[in-house]
Amino acid sequence: MSNKVILVIMDGVGYDTALSQCGYLEGMVELGRARRWKMRTALPTISAAMYETIHTGLSPLDHGVSGNEALRRSNVPNVFDQLHQAGHSTAAVAHSYFHTLYNGPYDPVEHVEVEDETKAIQYGRFYSMEGYSAANICAPAEIDLCAQATRLIRRHTPDYVLLHSSSVDSLGHKYTADSAQYRIQTWHIDNALARTIPIWLESGYEVLVTADHGMNADGHHGGNEEIMRHVPFYYFGADEVPTKDQVLDQLAIAPTVLSRIGVGIPESMKQRPLLKG
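Taking our numbering, the leading residue of the sequence shown gets 45, the next gets one more, and so forth.
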């Protein structure tokens with residue numbers, strides 16, 4: 045089996061928020077054109093730790109990236125390295141943390157755009173959000189991120205594409221998850237996906253949409269509250285899928301991506317792929 049896969053990470057979007065605000069995604073589920081499950085994240089529910097968990101299939105306590113501080117390159121088997129070593133192409137439109145984790149130290153002048161087939165992320169468009177503050181969250185527009193991913197797809201047809209949006213997380217920290225700003229920004233992601241997922245599907249990609257973690261009414265995450273740990277997982281594709289009411293494990297995303305693309309799953313990834321084909 046060899047499919048092409050796009051993974052969308054809606055940073056900070058909890059399960060209930062996705063169901064109430066993502067009209068396009070939920071509409072596709074209602075029509076039977078997508079599937080959606082509740083997914084339980086690993087701990088601690090901190091962004092960089094979850095990025096590495098999503099791409100390694102390991103708990104932060106095992107892969108060693110337990111927070112956003114002192115980031116370094118991943119030193120365990122991960123989706124980007126496994127695909128690159130197997131001769132597959134990769135791309136990312138994402139926060140610069142992903143460059144640090146999978147390509148190495150990030151220099152905004154050198155790495156805001158990456159076109160380097162020797163790297164684990166061969167084609168990249170990265171943003172740093174430098175200057176982030178309560179007065180300016182420095183978030184790119186959702187449609188701009190989706191458009192950049194679409195341009196990379198049309199130019200390079202990578203086997204794996206990561207699209208990561210930080211805006212909801214940033215607004216959640218400022219206004220909390222119990223705010224109009226948080227909810228409306230979640231809709232903005234959904235609205236951008238409504239304009240680009242059809243293009244990606246027509247280009248032959250399967251699309252996975254999830255979140256790294258949720259957010260609580262204090263504008264915080266990192267702990268073990270259900271509102272922090274329960275996130276959505278959407279699948280656009282034709283494969284046989286798990287029972288609808290099953291709660292999925294975030295550690296299964298990495299082996300799922302590798303299995304969809306047809307690359308062997310390393311022994312370190314213990315969870316079985318979510319999709320059966």
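Ideal placement from N, C-alpha and C gives every residue a C-beta, glycine not left out.
Note that this is a predicted model, so its numbers are computed, not measured.
Assigned secondary structure, residue i (DSSP; H/G/I helix, E/B strand, else coil)
i, result
"Lys314", "coil"
"His132", "coil"
"Pro104", "helix"
"Val123", "helix"
"Glu34", "Examination of residue 34 is not possible in this model, given that the chain is present from 45 through 321 alone."
"Arg84", "strand"
"Pro299", "helix"
"Tyr279", "strand"
"Leu176", "The amino acid occupying residue 176 in the given sequence is Tyr; Leu does not appear at that position. In this structure, Tyr176 counts as coil in the three-state DSSP scheme."
"Arg116", "coil"
"Tyr150", "coil"
"Val254", "Going by the sequence as given, residue 254 is Thr instead of Val. Strand at Thr254."
"Ala138", "strand"
"Leu75", "coil"
"Leu63", "helix"
"Met94", "helix"
"Met259", "coil"
"Ile271", "helix"
"Glu70", "helix"
"Glu159", "strand"
"Leu292", "strand"
"Leu51", "strand"
Best match in the options for proximity to residue i [C-alpha to C-alpha]
i, options, result
"Ile271", "Tyr59, Ile53, Met94 and Met54", "Tyr59"
"Ala255", "Ser64, Thr89 and Cys182", "Thr89"
"Phe142", "His265, Leu302 and Val109", "Val109"
"His200", "His132, Val73 and Pro121", "His132"
"Ala282", "Ser118, Gly67, Ala221 and Val251", "Val251"
"Ala224", "Thr61, Leu206, Asp55 and Pro276", "Thr61"
"His264", "Ser46, Lys48, Asp55 and Asn47", "Asp55"
"His82", "Pro286, Ser312, Ile309 and Leu215", "With the sequence shown as reference, residue 82 is identified as Lys, and His is not the correct amino acid for it. Among Pro286, Ser312, Ile309 and Leu215, the Cα nearest to that of Lys82 is on Pro286."
"Pro184", "Ala164, Ala236 and Ile197", "Ala236"
"Ser103", "Leu295, Phe170 and Glu269", "Leu295"
"Asn112", "Gly266, Lys163, Arg316 and Arg304", "Gly266"
"Gly18", "Leu87, Phe124 and Asn119", "Outside the displayed range of the chain (45 to 321) lies residue 18, so it cannot be described from this structure."
Alpha-carbon to alpha-carbon, residue j and residue i
i, j, result
"Val253", "Gly168", "19 Å"
"Asp232", "Lys218", "In the sequence as presented, Asp is not what sits at residue 232; that position holds His. Taking the straight line from one Cα to the other gives about 17 Å."
"His128", "Val156", "20 Å"
"Phe96", "His208", "Before going on, a small fix: residue 96 reads as Glu here, not Phe. Roughly 13 Å between the two C-alpha positions."
"Thr85", "Ile50", "20 Å"
"Gly71", "Arg239", "14 Å"
"Arg77", "Phe280", "7 Å"
"Asp160", "Thr144", "15 Å"
"Ser172", "Asp289", "37 Å"
"Arg117", "Asp106", "15 Å"
"Pro152", "Pro121", "26 Å"
"Asn147", "Lys48", "21 Å"
"Ile98", "Ala179", "31 Å"
"Ser91", "Tyr226", "17 Å"
"Ile243", "Arg195", "11 Å"
"Val73", "Glu246", "18 Å"
"Gln126", "Ala164", "8 Å"
"Thr162", "Met259", "37 Å"
"Arg80", "Tyr278", "4 Å"
"Met313", "Val275", "21 Å"
"Ile228", "Lys320", "35 Å"
"Gly67", "Glu186", "16 Å"
"Pro299", "Leu206", "15 Å"
"Pro310", "Asp203", "18 Å"
"Met94", "Asp222", "22 Å"
"Arg304", "Ser46", "6 Å"
"Gly101", "Val57", "20 Å"
"Glu174", "Val212", "17 Å"
"Tyr150", "Leu302", "26 Å"
"Ser214", "Leu115", "19 Å"
"Cys182", "Phe170", "13 Å"
"Gln315", "Leu75", "30 Å"
"Gln342", "Gly216", "Outside the shown range of the chain, which is 45 to 321, sits residue 342, and nothing can be said about it."
"Ile53", "Leu63", "15 Å"
"Glu269", "Ser210", "21 Å"
"Ile197", "Asp234", "20 Å"
Inset, instruction - Assess, as a yes-or-no matter, whether the region 190–206 is touched by the region 132–143 under the definition of 3 or more beta carbon pairs within less than 8 Å. - result: Between the region 132–143 and the region 190–206 there are three or more inter-stretch CB-CB distances shorter than 8 Å, so the stretches are counted as touching.
Inset, instruction - Identify every run of the beta strand (DSSP E) within the region 180–236, keeping only runs that are complete inside it and at least 3 residues long; order them along the chain. - result: With a minimum length of 3 residues, the continuous beta strand (DSSP E) runs that stay inside the region 180–236 are 204–209.
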